[in-house]
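Take 2 as the starting number for the sequence shown in my numbering and just add one per residue. Glycine residues also receive a C-beta, built at the ideal position from the N, C-alpha and C atoms.
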Amino acid sequence: MALALAESDEPNRFCIQQYHRTATQADLTGKEVLEVGCGHGGGAAYLMRNLQPASYTGLDLNQAGINFCRERHNLPGLDFVQGDAENLPFADQCFDAVINIESSHCYPRFPRFLAEVARVLRPGGHFLYSDLRHRVSIPEWEATLADAPMRLTSERVINGEVVRAMEKNSQQWLDLIDRRVPALLHGLARAQTGVQGGKIYRALQSGELSYRMYCFAKD
Numbered sequence: 002m003a004l005a006l007a008e009s010d011e012p013n014r015f016c017i018q019q020y021h022r023t024a025t026q027a028d029l030t031g032k033e034v035l036e037v038g039c040g041h042g043g044g045a046a047y048l049m050r051n052l053q054p055a056s057y058t059g060l061d062l063n064q065a066g067i068n069f070c071r072e073r074h075n076l077p078g079l080d081f082v083q084g085d086a087e088n089l090p091f092a093d094q095c096f097d098a099v100i101n102i103e104s105s106h107c108y109p110r111f112p113r114f115l116a117e118v119a120r121v122l123r124p125g126g127h128f129l130y131s132d133l134r135h136r137v138s139i140p141e142w143e144a145t146l147a148d149a150p151m152r153l154t155s156e157r158v159i160n161g162e163v164v165r166a167m168e169k170n171s172q173q174w175l176d177l178i179d180r181r182v183p184a185l186l187h188g189l190a191r192a193q194t195g196v197q198g199g200k201i202y203r204a205l206q207s208g209e210l211s212y213r214m215y216c217f218a219k220d
């Protein structure tokens, strides 16, 4: 069944669906939640409005992005903080859930990030996680996750769902490229974004890229 969305959220349906499905692997009602790698904060604002956490803190390395989030998303209980995923600026055991979506592949020291997630989670808390890796990197990814100081409770490969979402959202990407990207760079932009037939689309179809969703618990 398609996720019911407010009209204002509909243009961002496919990003929102990824956030919703990752975050709802645990019940966030009344919980204190941290998102690491919050970008421009649209996912954080959606989850704050719809999943009723007690508080939601979005963290990102990019200070300009954090400034944008603070100006754009003004909701009670929602806060944004500049910081490093590998050195989280929070005390031990201060969150009930940590969310991380499609950013950990950029972290130079991924094991350090996982250790930081475990440090800031309270016992009984959850790490709600989705990301992608190239085929050659999957064994190292799996081994690092297996060594994480948290217990794996669920894992799903979601290539099929992501490919279908890209197909449905392809025209929106093409329109955006036409409006915002110089004509000389259209081919490059189409190859590197979520356009049907583009490089990322083909890699997900073939399995060269694996997109996965995980839930971990801290005992």
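- Less than 8 Å separating the beta-carbons of leucine 146 and valine 121? Contact annotation: leucine 146 and valine 121 have beta-carbon atoms that are not nearer than 8 Å.
- Task: Go through the region 111-195 residue by residue and report every complete run of the alpha helix (DSSP H) that reaches 4 residues or more, in order.
- Result: Complete alpha helix (DSSP H) runs here, min 4: 111-121, 139-147, 160-181 and 187-193.
- Spatial distance of arginine 203 from isoleucine 139 (CA atoms): One Cα belongs to arginine 203, the other to isoleucine 139, and the distance between them is close to 18 Å.
- Count the other CB atoms within 10 Å of the CB of aspartate 61; is the residue buried (16 or more) or exposed (fewer)? Answer is buried; the Cβ neighbour count reaches 16.
- Task: To the nearest angstrom, report how far apart tryptophan 142 and serine 104 are at their CA atoms.
- Result: In this model, tryptophan 142 and serine 104 are separated by some 14 Å (Cα to Cα).
- Message: In whole angstroms, give me the CA-to-CA distance for histidine 135 and alanine 86.
- Response: Histidine 135 and alanine 86: Cα-Cα distance of roughly 21 Å.
- Is the CB of leucine 189 under 8 Å away from at least one CB in chain C? The structure shown contains no chain C; it holds only a single protein chain.
- Less than 8 Å separating the beta-carbons of methionine 151 and alanine 218? In this structure, alanine 218 lies closer than 8 Å to methionine 151 by Cβ.
- Is the beta carbon of histidine 94 sitting closer than 8 Å to the one on arginine 50? Checking the displayed sequence, the identity of residue 94 turns out to be glutamine instead of histidine. The Cβ atoms of glutamine 94 and arginine 50 do not sit closer than 8 Å to each other.
- Around the Cβ of proline 54, are there at least 16 other Cβ atoms within 10 angstroms (buried) or fewer (exposed)? With a threshold of 16 other beta carbon atoms within 10 Å, proline 54 meets it and is buried.
- Task: Confirm, please, whether the CB-CB distance from threonine 23 to serine 131 is below 8 Å.
- Result: Yes.
- Any idea what DSSP makes of threonine 58, helix, strand or coil? It is a strand residue.
- Query: According to DSSP, which residues form a beta bridge with phenylalanine 69?
  - Reply: Among the bridge pairs identified by DSSP, phenylalanine 69 is matched with none.
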